[in-house]
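Okay, structure first, notes after.
Protein chains in written order, with our numbering: chain A, 5 to 237; chain B, 142 to 261.
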């Protein structure tokens, strides 16, 4: 594995988006992962529609029927991948733009599908496996506890104590080997996370969190997705 | 470790943003009060409130969040914590409005990614 890796430098990451006052982080995490996978499959970086997921995806957890993807009220990336697989794919952002509300009806147009899911799977808790899947398959959909993100400005976040109760969906786009931790007087390896709170939050919309001990549960729910190569169709 | 500092009035102020004014030779750098921070916050993030009551309530929440940011800074010294666009929201409002991950229960039949080689 390379010591440092960043999909932003390799063209697989779209500009930072903003979910607005809507609990739709799960849809941004989902589109981010599929945007990366679609880039790897087709060589084209296409921004995909979160609003399609917000309006049309009501996929439920098979183990818990009452727990379904529900627009601004929350959802789960794995369920969203399942929806995308069943629906046939996701439209482009420009064809189905984000509104930040879930009061609209589903306007999915099958003829405008821009990216398709081939398959998706969960990655084991092992940090080397997470890194390997990131490098091989593209950005990964991950869940995290966001309590420290409310006040985060910059730097490598490495709280001594952080709950592992997952409450936020984000996108893992890379890792670094040497984020300086002044108090601990040593370099700390870190994950690079793309968030969906706009470019004015964090480090131009990104968050760095230290690697090594499942901080804030960042290693707990990691999903990788593969896209269909639509060029060959 | 940076720690929270207090103004003469006893109100906690953000330890990470300090206003340094020029043209006052010999003067101590002026620490901002919570009121100043709130004013800067409203201007920076274009915040306005419908009533004085709402404004006062948001100011109280903002002060709580300054203290929270200082606590986070102590717990997370390798990052910088301070005023963000969410500084006028209670933790509950923040969770309700900007988070949205459903309670997780991975299905037993979820496909697991194959183990990849990580050496070389």
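Just so you know, even glycine gets a beta-carbon here, dropped at the ideal spot from N, CA and C.
Check, Outcome
"Buried versus exposed, by CB contacts within 10 Å (16 or more), residue 170 of chain B", "With a pLDDT of 43 at residue 170 of chain B, under the threshold of 50, the modelled position of this residue cannot be trusted; read the value that follows with caution. That one is exposed."
"is_contact[residue 179 of chain B, chain A] using C-beta, thresh 9 Å", "no"
"DSSP beta-bridge partners of residue 203 of chain B", "None; residue 203 of chain B has no bridge partner."
"Residue-level contact to chain B via CB, residue 88 of chain A, 9 Å cutoff", "no"
"Own chain partners of residue 240 of chain A with C-beta closer than 7 Å, once the 5 adjacent residues on each side are dropped", "Given that chain A is displayed from residue 5 to residue 237, the structure contains no residue 240 of chain A and the question cannot be resolved."
"Chain A within 9 Å of residue 251 of chain B, Cβ atoms only", "yes"
"Cβ-Cβ separation, residue 173 of chain A to residue 242 of chain B (assumed contact under 8 Å), whole Å", "5 Å"
"Residue range of the alpha helix (DSSP H) that includes residue 58 of chain A", "54-60"
"Under the three-state DSSP convention, the category residue 214 of chain A falls into", "strand"
"Where residue 212 of chain B falls: helix, strand or coil (DSSP)", "helix"
"Bridge partner(s) assigned by DSSP for residue 124 of chain A", "A:229"
"For residue 19 of chain A, the three-state DSSP class (helix, strand or coil)", "coil"
"Straight-line gap, residue 167 of chain B to residue 22 of chain A (C-alpha atoms, nearest Å)", "No answer about residue 167 of chain B holds up, because its pLDDT of 41 lies below 50 and its placement is not dependable."
"Residue 157 of chain A at chain B interface by Cβ criterion, 9 Å", "yes"
"Distance between residue 130 of chain A and residue 228 of chain A (C-alpha atoms, nearest Å)", "14 Å"
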